[in-house]
Amino acid sequence: MKNNKHLYFMSDINSPYLCSVLLCFLLIGPGHLFAGSGVYGTKAMGMGTAFLAVSDDPSAIAFNPAGLTQLKGTQMYGGVTAITGSTKFKGSGDSEHTDFQMFFPPFMYAASDLGTRDLRFGIGLFSPFGIGGRKWPTDGVIKYLSVENSTATGAVNPTFAYRVSPNVSIGAGISYMMARIEAESRIDQSAVGGQDGTLKMTGQGGGWGYNLGVLFTPSPEWSFGIAYRSSIRIDYDGKVVLSNIAPALQPLFGGNRFRSGISSKCTFPDQLGLGIAYRPSEKWTISVEAERYGWSSLRESKIEVERKVPVAGFTDRRTRLDWKDTLAFKIGAEYRYSKALSLRGGYAYYPSYVPDHTLEPSNPDSDQHNISIGFGHGLGSWLLDFSYNLGLWEDRRVENGILSGRYENTIHYFSFGLNKAF
């Protein structure tokens, strides 16, 4: 019974980790930040993603589809965002740092007026919640919660927009989003005389959603945008593999290696934003925005295991997350220095959606301040965009039953985009 009890203890430690990682891909590291950091639009990122009332390039498909009515002819816009960051944890012992990693979520849009005056069609391929992850050292205490996790999301989003009147445009689209998760941690088997075991997990799935937008331009100086992107439920299927199982525990799992299918469901949050843009002159555009993220769709997580080992506690698990909705605030500006060159800057504030009692190393979220700069340079029918965004997370200290200590985070985003008009 001693061995069984210890294995149940190990399972109880790792199950919440399994659930939270399986249930939200991009909720790790840079993950959720991508939902608002503009990784799918270089110009938008340069303006602090205060873009709902601007949306004047093909990335309007992702931000506010009604903005497509501002485009003429056919345009294609593609690019990539390079993301790197670091996380430091300081508990009761030595501090731990994540390893250096880089991620490259791409985006691609095409939009056309279809030879009409008021109708527009577009299609976008982008990463709504990004691509990212963290890799912790294998010689610290965090390894029993997380060694490595990574997530990738991608969506296909066909969109229509229509100019209802000279001052009002509407847009709508449907999207299919795919998500993939990979995670690894260690299992402490010292109580039964074994070395650390290894847990590896992968999961993938997809789901449908939609987005809506309205753009109201009462005068050349003012524009107002409102956009909504629905929640998307992802049905995950995957596998979990336990290896290097201690000899004392092998009879329960049929050897030193055990594999099982797993499944789970995750509802990615909806987003509702309202933006205002003001153009005091032909050279300046100033925009402000507020956007709500519906993180409360993830109050709890559940993972279902195909091959259960009840005596070891390796069964279905339900874990509290208690995430909360948040309201982000953004401000951005663009200055048209010349006909060819535009300069941009912005700031955005994203409050944390994770409460203290469920914060853990794979997702050490905190209030975030984003500072961005960028430029656009045109040459004939081509336009090159570049933006840099610095994500400064407030230091956060938590005392909970998972892992107590202080987290520090910094993230850098470098985005490149190229627009071609036909």
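At position 89 of the sequence shown (counting the first as 1) the number is 212 in our numbering, and the numbers step up by one without a gap. We treat Cβ as the ideally placed atom computed from N, Cα and C, and that holds for glycine. Just so it is clear, the structure is predicted and the values come from calculations on it, not from any experiment.
### Query
If you pair each beta-carbon of the stretch 276–293 with each one of the stretch 176–193, do three or more pairs fall below 8 Å?
yes
### Leu-375 - containing alpha helix (DSSP H), residue span
373–376 is the span of the alpha helix (DSSP H), which, as asked, contains Leu-375.
### Task
Locate the alpha helix (DSSP H) running through Lys-166, then write down its first and last residues.
165–169
### Query
Should Leu-194 be labelled buried (16 or more other beta-carbon atoms within 10 Å of its own) or exposed?
Buried, by the Cβ-count rule.
### Query
Thinking just about the alpha-carbon of each residue, which of Gly-256, Glu-427, Gly-336, Ala-234 is nearest to the one in Gln-224?
Ranking Gly-256, Glu-427, Gly-336, Ala-234 by Cα distance to Gln-224 puts Gly-256 first.
#### Entry: Cα-Cα separation between Gly-432 and Ala-371, rounded to whole angstroms
For the record, residue 432 in the displayed sequence is Val; it is not Gly. Going by the C-alpha atoms only, they are around 15 Å apart.
### Message
What residue range does the beta strand (DSSP E) around Ala-176 cover?
### Response
No beta strand (DSSP E) holds Ala-176; DSSP gives it neither H nor E.
### Task
For Arg-309, write down the residues that DSSP places opposite it in a beta bridge.
Thr-321
### Message
At the level of alpha carbons, what is the spacing between Glu-405 and Arg-459?
### Response
8 Å
### Query
According to DSSP, is Trp-259 helix, strand or coil?
coil
### Query
Since Phe-498 contacts Ser-465 with CB under 8 Å, what's their CB separation in whole angstroms?
6 Å
#### Entry: Gly-528 - DSSP class collapsed to helix/strand/coil
strand
### Query
Going by DSSP, what residues sit across from Pro-281 in a beta bridge?
Ile-246
### Query
What residue from Gly-361, Gly-245, Lys-425 has the CA that sits closest to Cys-389's CA?
Lys-425
### Query
Considering Ile-184, what are the terminal residues of the alpha helix (DSSP H) in which it resides?
183–186
### Query
In whole angstroms, what separates the C-alpha of Ser-308 from that of Gly-320?
Computed Cα separation, rounded: 9 Å.
### Message
Tell me which residues share the same chain as Glu-423 and place their Cβ nearer than 7 Å to its Cβ, disregarding the 5 neighbours each side in the sequence.
### Response
Arg-441, Thr-442, Arg-443, Leu-444
### Task
In angstroms with no decimal places, state the Cα-to-Cα distance between Lys-266 and Ile-534.
22 Å
### Message
With H, G and I counted as helix, E and B as strand and the rest as coil, what does DSSP make of Pro-433?
### Response
helix
### CB of Trp-446 within 8 Å of CB of Val-477, strictly
yes
### Query
Between the C-alpha atoms of Leu-395 and Asp-448, what's the straight-line distance to the nearest angstrom?
11 Å
### Task
To the nearest angstrom, report how far apart Asp-262 and Asn-272 are at their CA atoms.
16 Å
### Task
Determine the closest residue to Ala-463 out of Gly-501, Met-301, Pro-403, with distance taken between C-alpha atoms.
Gly-501
### Query
Would Thr-192 be called buried (16 or more neighbouring beta carbons within 10 Å of its own) or exposed?
buried
### Rounded separation between Asn-334 and Asn-367 - CA only
46 Å
#### Entry: As assigned by DSSP and simplified to three states, the class of Lys-425
strand
#### Entry: Other residues of its chain near Thr-481: CB distance less than 7 Å, five sequence neighbours each side excluded
Arg-443, Leu-444, Asp-445
### Task
Measure the CB-CB distance between Val-521 and Asp-479 and report whether it falls below 8 Å.
yes
### Task
Would you kindly check if the distance between the Cβ of Ser-495 and the Cβ of Gly-468 is under 8 Å?
yes
### Message
According to DSSP, is Ile-265 part of a helix, a strand, or is it coil?
### Response
helix
### Query
With Lys-453 and Gly-171 assumed to form a contact (beta carbons below 8 Å), what rounded beta-carbon distance in angstroms separates them?
5 Å
### Task
Pick out whichever of Leu-248, Ala-544, Glu-483, Pro-341 has its Cα sitting closest to the Cα of Gly-214.
Glu-483
### Message
Looking at the strands, I want to know which residues DSSP matches up with Gly-216.
### Response
The partner list for Gly-216 (beta bridge, DSSP) is empty, contrary to what the question assumes.
### Task
Would you mind giving the Cβ-Cβ distance between Lys-362 and Thr-325, rounded to the nearest angstrom? I have them listed as a contact below 8 Å.
6 Å
### Task
Grab me the residues of Gly-332's own chain with a C-beta within less than 6 Å of its C-beta, minus the 5 sequence neighbours each way, in chain order.
Taken in chain order, the residues that qualify are Ser-298, Ser-353, Ile-355.
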